[in-house]
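Novice:
Numbering (the numbering used here), first residue to last: 11 to 269.
1. What does the alpha-carbon distance come out to for the pair residue 257 and residue 109?
2. Quick one: grab the DSSP three-state call for residue 154.
3. Going by CA-CA distance only, name the one from 46, 122, 224 and 19 that's closest to residue 33.
4. Can you tell which of 210, 173, 265 and 165 has its C-alpha closest to the C-alpha of residue 15?
5. Please return the same chain residues whose Cβ sits closer than 7 Å to the Cβ of residue 80, not counting the five positions on each side in sequence.
6. Sort out for me which residues DSSP pairs residue 234 with in a bridge.
7. Nearest-angstrom Cα distance between residue 161 and residue 221?
8. Spatial neighbours of residue 212 within its chain, please: CB distance less than 7 Å, with the 5 preceding and 5 following residues excluded, ordered by chain position.
9. Which of helix, strand or coil does DSSP assign to residue 34?
10. Measuring only the C-alpha atoms, how far is residue 264 from residue 244?
11. Between the alpha carbons of residue 241 and residue 30, how many angstroms are there, rounded?
12. What residues in its chain sit with their C-beta under 6 Å from that of residue 233, if we drop five residues either side in the sequence?
13. Please state whether the Cβ-Cβ distance between residue 168 and residue 253 is less than 8 Å.
14. To the nearest angstrom, how far is it from the Cα of residue 119 to the Cα of residue 56?
15. In three-state DSSP terms, what is residue 98?
16. Does residue 11 pass the burial test, meaning 16 or more other C-beta atoms within 10 Å, or should it be called exposed?
17. Which residues mark the beginning and the end of the beta strand (DSSP E) in which residue 255 is found?
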């Protein structure tokens with residue numbers, strides 16, 4: 011029997027007495043070009059898993075200088091000819107994690123863009139309050155260390171809850187958003203990227219749901235680049251099916267990576 015990706019925040023994050031529910035950014039700062047920095051925290055509840063940390067998510071729209079048609083063609087060729095990895099993905103296609111190294115012609119502009127965005131994020135954030143030091147990658151936070159293609163086109167394709175704890179920054183670029191229609195920013199929809207903002211207060215001895223969980227929702231849009239700290243738990247709601255959603259994901263700062 012094939013598995014289905016989570017269809018809602020409750021299926022992704024689990025059941026809590028308070029949540030999971032959406033969090034509103036504590037601050038939103040405009041960043042050029044065509045981007046914003048969404049800051050959550052610092053989290054002050056004593057029982058928060060993220061106590062003392064700030065989550066900063068960068069979202070850039072209308073990216074120029076990247077050939078989406080070439081990226082989509084590359085992704086569909088690999089999804090047809092190469093074997094998919096099984097990592098966090100539930101269904102769909104997940105390439106080997108070295109696509110920026112293997113396919114330099116198609117991905118050169120995107121790789122450079124990703125590294126510029128991560129370099130900026132590193133410069134603008136205090137590592138002591140933005141990252142969990144014991145979990146961070148020890149490599150260059152502005153150098154892509156792994157990169158891969160995701161293709162979701164069948165109903166139910168998506169990603170379970172996971173993080174990239176041995177990296178510094180993680181990100182995704184959407185070369186194609188699939189069959190989305192008009193996104194409703196107030197509602198979680200199939201194919202959305204959900205990032206856990208904070209959680210805590212769970213009583214492991216209780217026989218009913220306890221604790222709280224908050225999250226933020228990122229809509230997949232063509233020519234959108236998203237960057238966030240790699241320790242953040244995240245997942246992708248099940249695809250509605252139809253036209254393929256093609257994304258290129260990456261991590262920075264990992265050490266000891268061998269392909």
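Quick reminder that beta carbons are idealized off the backbone N, C-alpha and C, glycines included.
Specialist: From the atom records:
1. 12 Å
2. strand
3. 224
4. Residue 15 has its Cα closest to that of 165, out of 210, 173, 265 and 165.
5. 116
6. 184
7. 35 Å
8. 220 and 221
9. coil
10. Looking at the two C-alpha atoms, the distance is approximately 18 Å.
11. Cα to Cα, the separation comes out at about 19 Å.
12. 72 and 73
13. no
14. Rounded to whole angstroms, residue 119 to residue 56 spans 43 Å at the Cα level.
15. If DSSP states are grouped into helix, strand and coil, residue 98 belongs with coil.
16. Confidence is the limiting factor: at residue 11 the pLDDT is only 36, short of 50, which leaves the residue's position unreliable, though a coordinate-based value still follows. So residue 11 ends up on the exposed side.
17. 255-262
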